[in-house]
Amino acid sequence: MISRKTAGGSSGFSALLSIGFIVLCCSSSEAATTDESTVATIPWVNLSVRSAIAAVATILVVAVARRKGLLTLRDHEIGANGLETTQPVMWFAGALGLYIGIWVVGGAIAALILGESDDPVEIGAASAGGVYAIAVLASVITLVYLSTRFAGWRFGFATKSPWAGCVWFVFAIPALFLAMNVAVIVQTLIEGALPDPIAHPTLELIVSTPGDARVWLIVAGAVIGAPVFEETVYRGLVQTSVLRATGRRWVAILVTTSLFTMAHLAGDIPLHALIPIFVLGATCGIVCERRGVWAAIAVHSLFNASQVVLAVLSGQ
């Protein structure tokens, strides 16, 4: 069960849920008009209205969150017994070792599965099956170990953690879609045309091969594998490292979010997509400090799932 402090009043939660889905529907309308980028007239009114709705909703959510104290992060509360005795370099080395190890071992397994094939779908499925299968296993083992070594909510799994993540995701929907709309406007001003609504190679692969059973493995990698792996590395280890080095939660969140965002540059995604990724990272960072890594995983997973749904809708 989610505490009353987290969930807020039932009426307030319902209002925020409604606002979030209004913004979602407004943003999905853009995804359904992929041909707009090819016409000379840019729908500035449509973009402005969606952005205004998202901005108002974001302001309301932030106001409620501040009133409930959800954005107050106390620097003196570590959140895991014994964490205050550890060295920052230990956490960063753990993050680096886990990250490199997963890609080396998982990449080798994926290469064995793939063989000589150059089929993009098969490559994506092999990567999801090889890399993310190992990543999830190693990440879960890491979090279980940390939860036993440092007792507390930060790394431990509780049945309420995913539900807390769901509530936080609903609260974050307006800010996430505001970031998406701002990104679209910035990119449109720079290039003079609307960007492709599908801003990630994995999403393009999912949309371009409907009906292929192997796509489900790619979807599982995006919705489950990537969130578990990335949140363990970034929020579980890197953010803890910066927190131990600085003693400041907001500094740890912003530094980790910046590293998380820059890491996506290697994923061949357009620059404008980094804006919502930064907002996602900051949201997950706050959730980690308030509810632990598993709640942050739930937020990340729901975000990726929403992007898959929007991408599929845009491809219809």
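Per the numbering used here, residue 34 is the first one in the sequence shown, and the count goes up by one each step.
Note that CB positions come from ideal geometry on N, CA and C, so glycine has one too.
According to DSSP, what are the bridge partners of residue i?
i: G185; result: A113
Given that a residue counts as buried once 16 or more other Cβ atoms are within 10 Å of its Cβ, and exposed if not, what is residue i?
i: I310; result: buried
i: L304; result: exposed
i: R100; result: exposed
i: T235; result: buried
i: M295; result: exposed
i: S180; result: buried
i: Y178; result: exposed
i: S274; result: buried
i: E263; result: buried
i: I223; result: exposed
i: G130; result: exposed
i: G139; result: buried
i: L170; result: exposed
i: G157; result: buried
i: L343; result: buried
i: T192; result: exposed
i: V122; result: exposed
i: I92; result: exposed
i: T71; result: Bear in mind that the predicted position of T71 carries a pLDDT of just 44, short of 50, making it too unreliable to give a figure here.
i: A141; result: exposed
i: G254; result: buried
Considering residue i, what are the terminal residues of the alpha helix (DSSP H) in which it resides?
i: P399; result: Missing from the structure shown is residue 399; the chain here goes from 34 to 349 and no further.
i: A252; result: A small fix is needed here, since residue 252 is Val in this sequence, not Ala. V252 -> alpha helix (DSSP H) spans R247 to A253.
i: G102; result: No alpha helix (DSSP H) contains G102, which DSSP labels as neither H nor E.
i: S241; result: P234 to S241
i: L147; result: P121 to L147
i: V312; result: L307 to R324
i: L287; result: R282 to A296
i: V261; result: A259 to E264
i: V271; result: Segment: none, V271 is in no alpha helix (DSSP H) and carries neither H nor E.
i: V164; result: Here V164 belongs to no alpha helix (DSSP H), and DSSP marks it neither H nor E.
i: S160; result: P153 to S160
So residue i packs on residue j, CB below 8 Å; how close in whole Å?
i: I135; j: A168; result: 5 Å
i: P207; j: V345; result: P207 to V345, Cβ: 22 Å. No contact.
i: S194; j: A331; result: 7 Å
i: V173; j: V252; result: About 20 Å separates the two Cβ atoms, so there is no contact after all.
i: P260; j: S150; result: With 8 Å as the limit, P260 and S150 do not qualify as a contact, their Cβ atoms being about 27 Å apart.
i: A216; j: I75; result: Contact flag wrong, Cβ pair sits at about 15 Å.
i: G318; j: R268; result: 6 Å
i: N214; j: L313; result: That pair is no contact at about 15 Å.
i: A338; j: V256; result: 5 Å
i: A205; j: T290; result: About 13 Å separates the two Cβ atoms, so there is no contact after all.
i: W201; j: V320; result: 5 Å
Between residue i and residue j, is the Cβ-Cβ spacing less than 8 Å?
i: V326; j: F125; result: no
i: G163; j: A113; result: no
i: G258; j: Y132; result: no
i: A329; j: L211; result: no
i: L147; j: E155; result: yes
i: L116; j: F190; result: no
i: S106; j: E322; result: A quick correction: the sequence has Leu, not Ser, at residue 106. Yes.
i: R324; j: A197; result: yes
i: T175; j: T265; result: yes
i: S84; j: I231; result: no
i: A161; j: L250; result: yes
i: L209; j: F336; result: yes
i: A285; j: L298; result: no
i: H233; j: A306; result: yes
Is any heavy atom of the ligand FMN found at a distance shorter than 7 Å from the C-beta of residue i?
i: L80; result: What this structure holds is no ligand at all, so the ligand FMN is not there to describe.
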